[in-house]
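Residue numbers (my numbering): 1169 to 1501.
All C-beta atoms, glycine included, are put in the ideal place defined by N, C-alpha and C.
Owing to the predicted nature of the structure, the values given are computational and were not obtained by experimental measurement.
The structure appears right after this line, and notes come after that.
Structure follows, in structure tokens:
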């Protein structure tokens, strides 16, 4: 039985999972570690987060700490809730403190800029622990407030899958497991760029029909890329939490990636959108993913009409209204 969980990164989603697990398992100590001193101090003094889920109060078994050694010591499960582009740096500072037998659960949904590596590949450079990834239609606020949601956990270690499945079974997160961690990671990362495109269409006020068309066509491109790179086709089935569940939630819900796109569609520059979200302590992982996926599609000589269009708007400054007005003319060859 798990007695201690360490959550590395008390941002919106990491903190939501810490709340969920601590309230469900009163017998488990859940340590929440973050490098931002203000977050930890506020949690310790007020029992409320200064930025996220402010109406949620932490229970006595959720222990905020700025001491990474205290947080990680004897932890049997370590949740890595660090933004993808900062994960490498975090692992460098934590690698000697993570217990050798601990199960690692990554929650970041992106590829690493510069290497195109999945998060489990980055983790494996520093730690040999069993590593899993969770992905699904789970907005942080819904998880924090205990609403019923679904997720898939991918891991090649079946014992780790069982431990994690048992951990989440009593919670309001319905978990299904798979050994296709590659597919789960690509699904979580790739859906973010589609959500940005859907958000742009929202900002342009083109309507749900246009948005649905963009989503269905762009997902064809990224699904083929994922399978080319080693993902199992089954993971990209319509009944998949990691793919379709996450895709629908992110594209139509109050997600930061959809919001990122919506603000661009409203005429804001990418630089201003990034700045505005940063002021809200929000980071849209899909922004970097657009560039990486566009490059991967080109490298593998795969169709990238819709991803390419998105790249032109977000990275090359193409006019969003003009580009998205022409998507019905794109032919599937």
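Counting only residues of its own chain and dropping the five nearest sequence neighbours on each side, residue 1251 has a CB closer than 6 Å to the CB of 1451.
Annotation: residue 1249 to residue 1318 spans about 18 Å, alpha carbon to alpha carbon. In the DSSP assignment, residue 1198 forms a beta bridge with 1173, 1230. Around the Cβ of residue 1274, a 10 Å sphere holds 16 or more other Cβ atoms; the residue is buried. Between the beta-carbon of residue 1185 and that of residue 1175 there is about 6 Å, and that keeps the pair under the 8 Å contact cut. The straight-line gap separating the alpha-carbon atoms of residue 1296 and residue 1196 is approximately 25 Å. Secondary structure in the region 1398-1433: the alpha helix (DSSP H) runs of 4 residues or longer, each lying completely within the stretch, are 1414-1420, 1424-1433 in chain order. Looking at the DSSP output, residue 1350 sits in no beta bridge, so it has no partner there. Take the alpha-carbon of residue 1364 and the one of residue 1387: they are about 13 Å apart. Judged by their CB atoms, residue 1307 and residue 1444 are not nearer to each other than the 8 Å cut-off. Secondary structure within the region 1246-1294: the beta strand (DSSP E) runs of 3 or more consecutive residues, fully enclosed, are 1271-1274 (chain order). Around the Cβ of residue 1385, a 10 Å sphere holds 16 or more other Cβ atoms; the residue is buried. Three or more Cβ pairs closer than 8 Å define a contact, and the region 1277-1294 meets that threshold against the region 1251-1262. A contact is defined here as three or more CB-CB pairs under 8 Å, and the region 1228-1236 meets this definition with respect to the region 1199-1210. Shown here, residue 1327 sits in a helix according to DSSP, grouped into three states.
Residue nearest to residue 1460 within the set 1188, 1228, 1282 is 1282 (criterion: CA-CA distance). If you draw a 10 Å sphere on the C-beta of residue 1316, you find fewer than 16 other C-beta atoms in it, and that means exposed. Out of 1340, 1372, 1358, 1480, the CA that lies nearest to the CA of residue 1393 is found in 1358. Boundaries of the beta strand (DSSP E) around residue 1300: 1299-1305. When the five nearest sequence neighbours on each side are left out, the beta carbons in the same chain lying within less than 8 Å of the beta carbon of residue 1487 are those of 1481, in order along the chain.
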